[in-house]
Every structure is written in structure tokens, then in C-alpha cells.
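Residue numbers (full-length UniProt numbering): 1 to 455. Okay, structure first, notes after.
Here it is, written out as C-alpha cells:
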């Protein structure tokens, strides 16, 4: 949908876009938190990112380390707001002096970035660089940002959905914790036992109304949402949300809702805030969410945190789940030496030490397998052994089309429609009707997108 809008603007309102870009460049430069010029003799590498809070502090520290490690380039980090806003700024500013040399773009914008033709595939630099061993970087994470054997971008801030449980409460009520890679029925067992043995004082579980989590349920059961290998083998032409795996996932949730052990916190930031608050207060036993929340769930928490892999349907072997987060891309509207500097920074960001420090500081996963030997992670695991689990889940998966992300434009709308279907089911609506309606709307949107791309 975003690309459709951009195509219309380019054809009919180019003068307006040009004016907007000029203003955008002024705003970007004027609002940057960091310096906007490099030291004498260095090539400036403007880096747009969407990290805030502790993650931004950790990122600034990484950038500073890179700048001090050599004297050829100077990376200039600039915060550009949330993911959706940043993607639009990146596309609107391309080809102008305001555009970045390297930028961070979130997972579901991958197809949009690829089709924009605004980036230089990082594979080009990897082919010329004999010093970078890409095999050390998580293959599942790399596969999310690759297409037909070409690495489009390099994964950076990466998370995995995991199952969190209150190990202290389970011990108190003499409940066997879920297995490391639990089935749906295993999770239900724990949730029901906790709800009953606490005399209904503790809710057993929740799963946020979140399209990403529904997609991960498909991935873990080796089921595609769209044709052509979830978009990895070709441009998608059909979406099928009404498949046996999605039905099974929603029936599992419906079972827990009917038994009373499930609590619905809705969707969005408020849902995540409320489920975490209930969990930390000992009023909720289990929830499924991003691994990036580990730090928040362990800081000041008097109870022991338990973590398992994302659940899988009974009788189906876990396939592994896709990653969340974002990748680093290189803009192709910059001189070759600037693009080379962007690549050198990306490579630096993914070395073992920096990835270990990144995970310890932010909760995002270290993607370099040699990071596990670094002091920062050894210290983290000694203090929080459960912090190992998300990385082990990522390492245990073998990349394939269904756990390597969905390569399709318009994923923002797709997620909204997934969430509408989930909300309907949570409120007692027909599973088949909700999925049929969502699939029809998704396919209508995809047809419009594909038609626009052909123009």
C-alpha cells in the first residue's frame, strides 16, 4: 500500500515531493541528536536508525567505537523515529543530499526495500571482501534479508518470540514447567493447573492480539502464509490465512479462553504493558512475546523467570520461528567510497565482541556465533541463565522459506487484518468466518499492489 501511494505521488505530484524532501532534509539535519559533519580527512557516513532509550545509548557507543577504530570513515548516527515513519523518510529522501548512506529498516519492509531499487545489495561488498565470514552470522537471520542467493541487507537488532513463564509460581503450586520446546497441549496443561491450583487468583496465560505472533505460529509449523515460498521464490500472488495451521492455533487459544485460564489484554502497546505488569505482579503465569523483553522481566523481579521456545502444534515438529527486528541497508545513491564505508560499519557492528555487548545492553540477540565466547555474554548468562534460551532457539532452526520471513509488500495492512481476525475469535466469533474475511481482504490488497507494480 505504501508503495502504491508513493507511485501515485511520483507520477502526479513530483514538484510537491521535491519541496517536501527539501523541508525533510532541513528537519532531519536540524533535529539530529549527533554531529552532522565528519572530522577533517574522514568520509562521513550518515546512519539513520530507529533505536531509542537504552538501545540508542548502546548504538551510540558502538558507533563511537567504530569511529575510534579507524581514521578513514566517520559514522554519524541520526534518530528517525519509529519504523513506519523512518521507512517513508528513507524512500522520500532517496536521491537527495538528505538521504542516509546506511539505514535501519524493519523486517516487514524487506520486500518494499528490495522492490524500490534504492539499495545496493550487501552481497556486492561481501563478494569483494575475503575477510568477512558470513557463515558466522545466524543463517536464519541472514535468510530473512536475502533473496535468490543474494544478501540484500545484514540483520542487526534481532529478536525471537519466546514463551515466558513464572518459574517461582509454578514451583509454589507444584506444577511441572513446560518443556523447552512445548506443544500447545503442554502449555495448556500448565495454564489450567496454575489457574485451578491458585483458586483462580492467577490467570494461566495470554497471547497478545498481534499479527506477528500468528505468523510465527505458521512458521513454527512449517506452513506458508503466501504462495511462492512465502515470497522467497517469486512475487506472491495468493494469500491463505484460512489454513489448517492457523485454525489449529486459534482453536488452541479458544480452548484456553473457554476454560477460564486465558486473559485477553487486546493489542498494541497497552496490551504489552498490561501483560508484563500482570506477569511481574504474579497475576499471570504465561505469555508469549519478543525476547527483547528479557531485561525488563528480570530487572527488579523477585520471582524466577522461565523461558521456553515458541509453542508448536501437537504432533508437529517445531520448524523454528522467524526473527523480528530490523536490518542495516546501504543506499545506492551515494558514491562508491561512501557505500564502502557503510559496509565497513555494518561488518564492524556484527563482529563477535560488538554483538555480545549489544545483547548484554539491549536484550536483542547476538547474531555472531563467536559472541557466545565473549566476556559480556558469559557474565550475562551467569547472572541470567534463561537469557541463553532465545539464542538457542535461533541456533537450533534450519533456514527454510517458512521460517525466513514473509517477503511481500503491504505487510503492515496484512498484520492489521490478521489482528482483526484474532480479535473476532477472541471475542467468540467464528474462526472460519474470521479467517475467510481476512484472506479475502488480504488478496484484494495484494492484487492492487501487484497491479500497481506492473505500471
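All C-beta atoms in this analysis are idealised placements derived from N, C-alpha and C, irrespective of residue type, glycine included. Just so you know, these numbers come straight off a predicted model, no measurement behind them.
Within the same chain, Cβ atoms closer than 8 Å to the Cβ of residue 39 are found at 74, the five residues on either side in sequence being excluded. The region 194-211 makes contact with the region 172-186; the number of CB pairs closer than 8 Å reaches 3 or more. With fewer than 16 neighbouring CB atoms inside 10 Å of its own CB, residue 133 falls in the exposed class. Between the C-alpha atoms of residue 141 and residue 412 there is a straight-line separation of about 20 Å. Distances from the alpha-carbon of residue 418 to those of 403, 409 and 441 put 441 closest. For residue 132, no alpha helix (DSSP H) encloses it, and the DSSP letter there is neither H nor E. Annotated three-state conformation of residue 242 is coil, per DSSP. Taking the Cα positions, residue 166 is about 19 Å away from residue 382.
When rounded, the separation of the alpha-carbon atoms in residue 454 and residue 352 is 43 Å. Residue range 324-330 is occupied by the beta strand (DSSP E) that includes residue 327. Check the Cα spacing between residue 315 and each of 52, 103 and 221: the tightest is with 221. Contact fails between the region 202-222 and the region 327-346, because fewer than three Cβ pairs, one in each stretch, are under 8 Å apart. Contact annotation: residue 429 and residue 230 have beta-carbon atoms that are not nearer than 9 Å.
Looking only at 326, 209 and 247, the smallest Cα-Cα distance to residue 155 is reached by 326.
The DSSP-derived three-state label of residue 92 is helix. Here residue 168 carries a helix assignment [DSSP, helix/strand/coil]. Just measuring C-alpha positions, the residue of 370, 112, 304 and 57 sitting nearest residue 384 is 304.
Shown here for residue 271: same chain residues with a beta carbon closer than 6 Å to its own, the five before and five after excluded, namely 208 and 265 in chain order. In the assembly as shown, residue 296 is an exposed residue. Its beta-carbon has fewer than 16 other beta-carbons within 10 Å. In the three-state DSSP reduction, residue 54 falls in the helix class (H, G or I). Residue 70 has its alpha-carbon roughly 39 Å from the corresponding atom of residue 289.
By the CB criterion at 9 Å, residue 143 and residue 390 fall outside the cutoff. Within the same chain, Cβ atoms closer than 7 Å to the Cβ of residue 354 are found at 62 and 348, the five residues on either side in sequence being excluded.
Taking C-beta separations shorter than 6 Å and ignoring five residues to either side along the sequence, the partners of residue 322 in its chain run 219, 403 and 405, following chain order. Proximity of the region 97-117 to the region 330-338 meets the contact definition, three or more beta-carbon pairs being nearer than 8 Å. Just so you know, the alpha carbons of residue 159 and residue 65 end up roughly 24 Å apart. Runs of the beta strand (DSSP E) lying entirely within the region 287-355, each at least 3 residues long, are 305-308 and 324-330 in chain order.
In the structure shown, the three-state DSSP call for residue 175 is coil. Taking a C-beta distance under 9 Å as the contact criterion, residue 91 and residue 112 qualify as a contact pair. Under the DSSP assignment, residue 203 falls outside any alpha helix (DSSP H), being part of the beta strand (DSSP E) whose first and last residues are 203-207. In the DSSP assignment, residue 156 falls outside any alpha helix (DSSP H) and lies within the beta strand (DSSP E) extending over 154-159. The beta-carbon separation of residue 163 and residue 311, rounded to 6 Å, stays under the 8 Å limit for a contact.
By the neighbour-count definition (other C-beta atoms within 10 Å, threshold 16), residue 273 is an exposed residue. Fewer than three pairs of CB atoms, one per stretch, sit closer than 8 Å, so the region 431-446 makes no contact with the region 119-134.
When the beta-carbon positions are compared, residue 217 and residue 262 stay at least 9 Å from each other.
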